[in-house]
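A.B. asks:
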């Protein structure tokens, strides 16, 4: 029990350190982006949160990841002055739920990935055709953004955008399943990559959807909630969504491999030795008979 507690505390400490360093990196490069007329982003922080929430495939860590991100934002708001985020209702409260939302989406996407794999087997669509479908879906999202940009001050624009990107993720998952079938592979890593992508997607969506209303409630800088989404979502949300969703699965799977965890984040089961199973090799049996 003591060893388990010590290991958990050490893991939480490492998670906190990674999130703090990632948030500091965001603040560092965002200074340059703001100077160039851009916006402050939280890409590194969101990747570190998804890593912490899903690395070990355990629900408690998803709660801890969001809480640590919120506390980090709260403390750093005094170091890098940000009066709005010095309010814990803005910096901490919304972040308590983003890890939970992301982890729940990750687990549901794992079930969806199996269904997509079964559909790929049944429909027998070639991997190349599925990739073309996914590419067309990505083009459709881009066309929607361009043609409907006049709606950018309406919340409905962003709701439909999130739905479109989510559907595109499903297309990508189906493409992965079809490609795995075409190549004759089991596709376990592909299914996990897809599930992590969906979990990362919802982590970013939850961060934006929950934090912006709190910013509107405690700030006089915006005339309406739709204006908050219009001002911050296109310059913050889309880059964070695309980069985090694209990179997080590679980071998580890479760290799992480095820690010698299974593809699903659970400890690898060691094969029992002959002494443990009681099995005696044939050559030893022959020696005993002689």
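Numbering (the working numbering), first residue to last: 33 to 322.
We put the beta carbon where it would ideally sit given N, CA and C, even for glycine.
Everything numeric in this text was worked out from a predicted model, so none of it was measured.
How many angstroms separate the CA atom of residue 126 from the CA atom of residue 241?
C.D. replies: Taking the chain shown and counting its residues from 1, the one referred to as residue 126 is at position 94. Taking the chain shown and counting its residues from 1, the one referred to as residue 241 is at position 209. Roughly 9 Å separates the two Cα atoms.
A.B. asks: Which same chain residues, not among the five before or five after residue 201, have their C-beta less than 7 Å away from its C-beta?
C.D. replies: Taking the first residue of the chain shown as 1, we reach residue 201 at position 169. Taken in chain order, the residues that qualify are 229, 230, 233.
A.B. asks: Got a sec, what are the start and stop residues for the alpha helix (DSSP H) residue 245 sits in?
C.D. replies: Reading the chain shown from its first residue, position 213 is the one you call residue 245. Note, residue 245: alpha helix (DSSP H), 220–249.
A.B. asks: Taking the Cβ atom as the reference point for each residue, do residue 206 and residue 148 lie within a distance shorter than 8 Å?
C.D. replies: Position 174 of the chain shown, counted from the start, is the residue given in the question as residue 206. Position 116 of the chain shown, counted from the start, is the residue given in the question as residue 148. Taking C-beta atoms as the reference points, residue 206 and residue 148 count as a pair closer than 8 Å.
A.B. asks: Measure the alpha-carbon distance for residue 128 versus residue 99 and round it to whole angstroms.
C.D. replies: Along the chain shown, read from residue 1 onward, the residue named residue 128 stands at position 96. Along the chain shown, read from residue 1 onward, the residue named residue 99 stands at position 67. Roughly 5 Å between the two C-alpha positions.
A.B. asks: Just to confirm my understanding: we take residue 103, look at its own chain, exclude 5 residues before and 5 after, and list those with CB closer than 7 Å. What are they?
C.D. replies: As a first step, residue 103 must be located in the chain shown, where it is residue number 71. These residues qualify, in order along the chain: 124.
A.B. asks: Which residues share a DSSP beta bridge with residue 299?
C.D. replies: In the chain shown, residue 299 corresponds to position 267, counting from 1. Bridge partners of residue 299: 293.
A.B. asks: Determine the direct distance from the alpha carbon of residue 183 to that of residue 145, and round the result to whole angstroms.
C.D. replies: Position 113 of the chain shown, counted from the first residue, corresponds to residue 145. Position 151 of the chain shown, counted from the first residue, corresponds to residue 183. Going by the C-alpha atoms only, they are around 33 Å apart.
A.B. asks: Are residue 224 and residue 155 closer than 8 Å when you measure CB to CB?
C.D. replies: To locate residue 224, count along the chain shown from 1; it is residue 192. To locate residue 155, count along the chain shown from 1; it is residue 123. Not closer than 8 Å, so no.
A.B. asks: Once you ignore the five residues that flank residue 238 on each side, which residues in its own chain have a CB closer than 7 Å to its CB?
C.D. replies: The count along the chain shown starts at 1 and reaches residue 238 at position 206. 129, 130, 133, 134.
A.B. asks: Where does residue 292 land, buried or exposed, given buried means 16+ other C-beta within 10 angstroms?
C.D. replies: Here the question's residue 292 lines up with position 260 in the chain shown. Burial call: exposed.
A.B. asks: Just the Cα atoms here: how many angstroms apart are residue 84 and residue 111?
C.D. replies: In the chain shown, residue 84 corresponds to position 52, counting from 1. In the chain shown, residue 111 corresponds to position 79, counting from 1. Taking the straight line from one Cα to the other gives about 24 Å.
A.B. asks: Would you mind working out which of 194, 210, 81 sits nearest residue 160, comparing C-alpha positions?
C.D. replies: By one-based count along the chain shown, residue 160 stands at place 128. The option with the nearest alpha carbon to residue 160 is 210.
A.B. asks: Quick test of your reading: residue 55 and residue 105, contact by CB under 8 Å. State the CB separation rounded to the nearest angstrom.
C.D. replies: On the chain shown, residue 55 is found 23 positions in, with the first residue counted as 1. On the chain shown, residue 105 is found 73 positions in, with the first residue counted as 1. Confirmed, about 7 Å.
A.B. asks: Is residue 204 near residue 189, with beta carbons less than 8 Å apart?
C.D. replies: Within the chain shown, residue 204 is the residue found at index 172, counting from 1. Within the chain shown, residue 189 is the residue found at index 157, counting from 1. For residue 204 and residue 189, no; Cβs fall outside 8 Å.
A.B. asks: Tell whether a beta-carbon distance below 8 Å holds between residue 81 and residue 46.
C.D. replies: The residue you call residue 81 lines up with position 49 of the chain shown. The residue you call residue 46 lines up with position 14 of the chain shown. Cβ atoms of residue 81 and residue 46: not closer than 8 Å.
A.B. asks: Distance check for residue 278 and residue 267, CA to CA, integer angstroms please.
C.D. replies: Here residue 267 is taken as the residue at index 235 of the chain shown, counted from 1. Here residue 278 is taken as the residue at index 246 of the chain shown, counted from 1. C-alpha separation (whole angstroms): 18 Å.
A.B. asks: Does DSSP put residue 88 in a helix, in a strand, or in coil?
C.D. replies: For the purposes of this step, residue 88 is identified with residue 56 of the chain shown, where counting begins at 1. Three-state DSSP puts residue 88 in coil, outside helix and strand.
A.B. asks: Taking C-alpha atoms, which residue in 41, 78, 57, 72 lies nearest to residue 92?
C.D. replies: Taking the first residue of the chain shown as 1, we reach residue 92 at position 60. Comparing Cα positions, the closest option is 41.
A.B. asks: Only counting the same chain, and skipping five residues up and downstream in sequence, which positions put a Cβ closer than 7 Å to that of residue 283?
C.D. replies: Working through the chain shown from its first residue, we reach residue 283 at position 251. Excluding sequence neighbours, residue 283 sits near 79, 83.
A.B. asks: Does the beta-carbon distance from residue 271 to residue 75 come in below 8 Å?
C.D. replies: Along the chain shown, one-based indexing puts residue 271 at 239. Along the chain shown, one-based indexing puts residue 75 at 43. Yes, these two residues count as a Cβ contact at 8 Å.
A.B. asks: Helix, strand or coil, according to DSSP, for residue 114 in the structure here?
C.D. replies: Looking up residue 114 in the chain shown gives position 82. In the structure shown, residue 114 sits in coil (DSSP, three-state: anything other than H, G, I, E or B).
A.B. asks: Rounded to a whole number of angstroms, what is the C-alpha to C-alpha distance between residue 88 and residue 115?
C.D. replies: To locate residue 88, count along the chain shown from 1; it is residue 56. To locate residue 115, count along the chain shown from 1; it is residue 83. One C-alpha to the other measures close to 35 Å.
A.B. asks: For chain B, find out if any of its Cβ atoms is closer than 8 Å to the Cβ of residue 50; answer yes or no.
C.D. replies: Absent from the structure is chain B; it holds one protein chain and no more.
A.B. asks: Identify whether residue 273 lies in helix, strand or coil by the three-state DSSP scheme.
C.D. replies: Taking the first residue of the chain shown as position 1, residue 273 is located at position 241. Helix, per DSSP.
A.B. asks: Hey, how far is the Cα of residue 142 from the Cα of residue 212?
C.D. replies: In the chain shown, the residue the question calls residue 142 occupies position 110. In the chain shown, the residue the question calls residue 212 occupies position 180. So the alpha carbons of these two residues sit roughly 16 Å apart.
A.B. asks: What is the residue span of the alpha helix (DSSP H) that residue 182 lies within?
C.D. replies: In the chain shown, residue 182 corresponds to position 150, counting from 1. Premise fails: residue 182 is in no alpha helix (DSSP H) and is neither H nor E.
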